[in-house]
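Chains as they are written, first to last, in the numbering used here: chain A, 502 to 616; chain B, 54 to 163.
Where is the CB? At the ideal position from N, CA and C, for every residue including glycine.
To start, the structure under review is shown below, and the notes come after it.
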């Protein structure tokens, strides 16, 4: 257990529905990241927050995706009008800027299945 | 895009040292080499990182060649719990994203 928690762990939804995932980072970590991982591939970066500011977004983050970190603590990732191609593991990570190892601590992920 | 090349898979004998290679021939002077691993159904886990000197911690050793174009992660005494996908990543300290490739599926065999 890295101290990063994600909920739910599994989500099955029908195509066209909206889904929202939550990530609770390690409490003193000011940086939070979202990645997506499909079967057989390594994780792909989606977006990054420093405190409450979203500082970087990948081109993978289409208009149907939105992420927030309203108080600089937990974060949510929402996918609107889900498509079958959105089926993946969604991973959250956190880190402390200026940390000696600059290490990202990953949560267990939320597995999304779109039917 | 990943800037490293790793074998897709390898087997290691339990109790022996496991040497995991990584090529990063286009690495630039300020980029670090990071290693993460991902055990099945878990998120990635940091192992070690280095710039140009060899590094060792409680999990592994990292040997970086003098020209920095390749590196080797050494697990000194592989156990069955070390079975995982190992990712070698080069990263500029100013870049916050980790660019994972497909990694190296390492299986430790009893």
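Taking CB atoms only, residue 603 of chain A has a neighbour in chain B less than 8 Å away. Membership of residue 594 of chain A in the beta strand (DSSP E) is indicated by the continuous run 589-596. What residue 542 of chain A touches in chain B, judged by beta-carbon distance under 7 Å, is 155, going in chain order. Taking 8 Å as the CB threshold, residue 569 of chain A stays off the interface with chain B. Take residue 60 of chain B, set aside five residues on each side of it, and the residues of its chain with a beta-carbon closer than 8 Å to its own are 74, 157, in chain order.
Residue 84 of chain B and residue 123 of chain B have their alpha carbons spaced roughly 13 Å apart. Rounded to whole angstroms, the separation of the alpha carbons of residue 506 of chain A and residue 560 of chain A is 26 Å.
Bounds of the beta strand (DSSP E) holding residue 555 of chain A are 554-558.
Contact with chain A is absent for residue 139 of chain B, since none of that chain's Cβ atoms lies less than 8 Å from the residue's Cβ. When the alpha-carbon of residue 583 of chain A is set against those of A:562, A:576, A:596, A:569, the nearest one is in A:562. For residue 603 of chain A, the secondary structure class from DSSP, reduced to helix, strand or coil, is coil.
When secondary structure is reduced to three states using DSSP, residue 586 of chain A falls in the helix class. Classified as exposed, residue 69 of chain B has fewer than 16 neighbouring CB atoms from the shown chains inside 10 Å of its CB. Taken in chain order, the whole beta strand (DSSP E) runs of length 3 or more contained in the region 102-133 of chain B are 114-117, 123-128. Only residues of its own chain outside the window of five on either side were considered, and among them 504, 505, 595, 606 have a CB closer than 7 Å to the CB of residue 527 of chain A, listed in chain order. Rounded to the nearest angstrom, the Cβ distance from residue 597 of chain A to residue 531 of chain A is 6 Å, consistent with a contact under 8 Å.
Residue state for residue 64 of chain B is assigned as strand, using DSSP reduced to three classes.
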